[in-house]
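A quick write-up on the structure given underneath.
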Amino acid sequence: MITFADDLICMEKKGFYIETYGCQMNFSDSEIIASVLKNNFFEFEPDINKADLILLNTCSIRDNAEQKVFNRLKHLKFLKKKNNGLIIGLLGCMAERLKEELFAEGVVDLVAGPDSYRELPQLIASIQGGNKAFNVMLSAEETYADINPVRINTNGISAFISIMRGCQNFCSYCVVPFTRGKERSREPETIMAEAKKLFSEGFKEITLLGQNVNSYTYNNIGFPKLMAMVAEINPALRIRFATSHPKDLSDDLIAVIAAYPNICKAIHLPLQSGSDTMLKLMNRKYTRDYYLSRVEAIYKAIPDCAISTDIIAGFCSETEQDHQDTLSAMREAKIDYAFMFKYSQREGTKAAETLTDDVPDDVKTQRLNEIIALQQELSLASNKKDLGKVFEVLVEGTSKRSSRQLTGRTSQNKVVVFTDSEHTTGDYVQVRITDCTSGTLKGEVVV
Ligand code: SAH
Ligand code: SF4
Ligand code: F3S
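Residue numbers for the sequence shown follow our numbering, so the first one is 9 and each next one is one higher.
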């Protein structure tokens, strides 16, 4: 069989540059893309000005995520004017959502959705003399299980492993089920092989990724079992996971997190809203009380667990009371860290079609600011509780301010900065917390 690679055998390697927007899944996908290209006569080029191929791996979650990319395309137009042969590709969720429309920008040569990355070499090869290339087919099976990601986003210590793709929860506000397609889980053997390989290469922390990672299931292996299998690879390998949906946060999963010291004591559990009226309109499939009871179950089994969340301010018809319910739920759950957003209506979603985006923008902003202020207070309170305690910190690098200052994370995913000339990136260090802000812990090495 003549493959594309054979056709190119006499050609010089082309340099590709890739820029990633959006969630961790997209960062993980960029590593799969890098692998596909590297195996097909491209090489990673970190300098955008030297690249023959520029790829933007994009996000559609909110309007401002898309605007960022449209602005970037304006800049790329200049690069293209300077270099006629330059190929510009738009990948990821915007490719899937906006499809051919993206060619209208006049700068894009290639549009490829999240399930078509294996085809990239062929698509790129078909771009000649003004031809455009396009593939936005979604798949019910693709998990890229056999592709060995090229770690382009790494510090050599932490890595992502995608264990499932897609989402079919259809939260009414969310574009992901449309851009990522059906939920599908990856064969556990391939996940284990990837995790073992990373550990043997010196990686110390892996994050298992999926849009709803805790609904992972393959034959008879569910997420708690998979977590236990990965945790048993080696006690010196830290395991994290993201993102979990509250409806699938089982007692079994909590028990596995509690049982393995190397499974990090940090759970990202998006709340979205503390009002039952909003949760129902959002199609989140749980109530405020249910969420809070899951949080209680976590704290009961894992008293030192950190809980982080996502909050949307100003969803359709949200009243001041609904907003207050969100604030009180955040307090009750003692949220350690949060990602907070203003509601952004996405075309084609149930909310866009059946509800009205009727909270004025200034009210959304005000509510968001209140949510952010409360979270700062909660994060500070959470950090203050750590004062005087000793944590095992995995060193990720030197601090931006000084090379004698190391920075790393606790199992609870909190950033710690401390002075130390003995240790280096990848070491586990016992650190006593001596000071904190709402965003960072400061400490000293325990000798
Ligand atoms: N799969 C994850 C979240 C994926 S998107 C989960 O269900 O928890 C990350 C976050 O973006 C969501 O949790 C939500 O808070 C936010 N988000 C999603 N759609 C949004 C929209 N239309 N407007 C504002 N925020 C949104
Ligand atoms: Fe979006 Fe809901 Fe799926 Fe998360 S679970 S990706 S918020 S539809
Ligand atoms: Fe964005 Fe797509 Fe992730 S919409 S958040 S890049 S799944």
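No residue lacks a Cβ here, since even glycine has one placed at the ideal position from N, Cα and C.
{"Item": "Spatial distance of LEU277 from GLN383 (CA atoms)", "Value": "15 Å"}
{"Item": "Distance cut-off 8 Å: LYS350 Cβ against heavy atoms of ligand 1", "Value": "yes"}
{"Item": "Pick from ILE62, GLN75 and THR66 that is closest to LYS85, judged by C-alpha positions", "Value": "ILE62"}
{"Item": "Helix, strand or coil at ASN65 [DSSP, three-state]", "Value": "strand"}
{"Item": "Status (buried if at least 16 other CB within 10 Å, exposed otherwise) for GLU429", "Value": "Correcting the residue identity first, residue 429 is Ser in this sequence and not Glu. When all chains shown are included, SER429 counts as exposed."}
{"Item": "CA-to-CA distance, PHE78 to LYS58, given in whole angstroms", "Value": "22 Å"}
{"Item": "Alpha-carbon to alpha-carbon, PHE426 and PHE178", "Value": "43 Å"}
{"Item": "Beta-bridge pairing of THR225 - partner residues as DSSP gives them", "Value": "GLY230"}
{"Item": "Top-ranked residue by Cα proximity to GLU39, from ASN156, LYS140, LYS90 and ALA120", "Value": "ASN156"}
{"Item": "Cβ-heavy atom distance, CYS179 to ligand 3, below 8 Å", "Value": "no"}
{"Item": "Cβ-Cβ separation, GLU340 to LEU300 (assumed contact under 8 Å), whole Å", "Value": "6 Å"}
{"Item": "ILE40: CB within 8 Å of a non-hydrogen atom of ligand 3", "Value": "no"}
{"Item": "Touch test, the segment 185-192 against the segment 104-114, Cβ-Cβ under 8 Å, three pairs minimum", "Value": "yes"}
{"Item": "Burial state of MET9 (16 or more Cβ within 10 Å)", "Value": "Residue placement at MET9 is poorly supported in this model, since its pLDDT is 36, which falls under 50; the coordinates are not used for a value here."}
{"Item": "Sufficient close CB pairs (3 or more, under 8 Å) joining the segment 331-339 to the segment 351-362", "Value": "no"}
{"Item": "Opposing strand residues paired with LYS22 [DSSP bridges]", "Value": "PHE50"}
{"Item": "Distance cut-off 8 Å: PHE50 Cβ against heavy atoms of ligand 1", "Value": "no"}
{"Item": "Terminal residues of the alpha helix (DSSP H) in which CYS101 lies", "Value": "101-106"}
{"Item": "Contact test: ASN156 Cβ vs ligand 2 heavy atom, cutoff 8 Å", "Value": "no"}
{"Item": "Straight-line gap, ASN421 to ILE319 (C-alpha atoms, nearest Å)", "Value": "19 Å"}
{"Item": "Span of the alpha helix (DSSP H), counted from its first residue to its last, around PHE391", "Value": "The residue you asked about is not Phe; residue 391 is Asn in the sequence shown. Taken as a continuous stretch (DSSP letters only), the alpha helix (DSSP H) holding ASN391 covers 369-392."}
{"Item": "Beta-carbon separation (whole angstroms), GLY210 vs GLY434, contact threshold 8 Å", "Value": "7 Å"}
{"Item": "Option nearest THR432 by Cα separation, candidates ARG412, GLU378 and LYS342", "Value": "ARG412"}
{"Item": "heavy atom of ligand 2 below 8 Å from HIS253 C-beta", "Value": "yes"}
{"Item": "From CYS182, LYS233, MET348 and ILE441, residue whose alpha carbon lies closest to that of ALA267", "Value": "LYS233"}
{"Item": "Minimum C-alpha distance to LEU216 - residue among ARG246, ASN228 and ILE229", "Value": "ARG246"}
{"Item": "Cβ pair CYS313, ALA274 closer than 9 Å", "Value": "yes"}
{"Item": "Residues near SER223 in its chain [Cβ-Cβ closer than 6 Å; skip 5 each side]", "Value": "ASP256"}
{"Item": "SER258 versus ASN270, ALA244 and MET235, residue with shortest Cα-Cα distance", "Value": "MET235"}
{"Item": "Residue from GLN219, ARG440 and SER170 whose Cα sits closest to the Cα of VAL184", "Value": "GLN219"}
{"Item": "Quiz: which residues have CB nearer than 6 Å to ligand 3 non-hydrogen atoms", "Value": "GLY30, CYS31, MET33, ASN34, CYS67, SER68, ILE69, GLY100, CYS101, VAL183, VAL184, THR187 and ARG188"}
{"Item": "Distance cut-off 8 Å: CYS175 Cβ against heavy atoms of ligand 4", "Value": "Summarising the ligand content, the structure contains ligand 1, ligand 2 and ligand 3 and does not contain ligand 4."}
{"Item": "Classification of GLN75 by the beta-carbon crowding that lies within 10 angstroms, buried from 16 upward", "Value": "exposed"}
{"Item": "GLN8: CB within 8 Å of a non-hydrogen atom of ligand 2", "Value": "In the structure as shown, the chain starts at 9 and stops at 455, and residue 8 therefore has no counterpart that could be examined."}
{"Item": "Pair within 9 Å by beta-carbon distance, TYR226 and GLN353", "Value": "no"}
{"Item": "Any non-hydrogen atom of ligand 1 closer than 8 Å to PRO122 Cβ", "Value": "no"}
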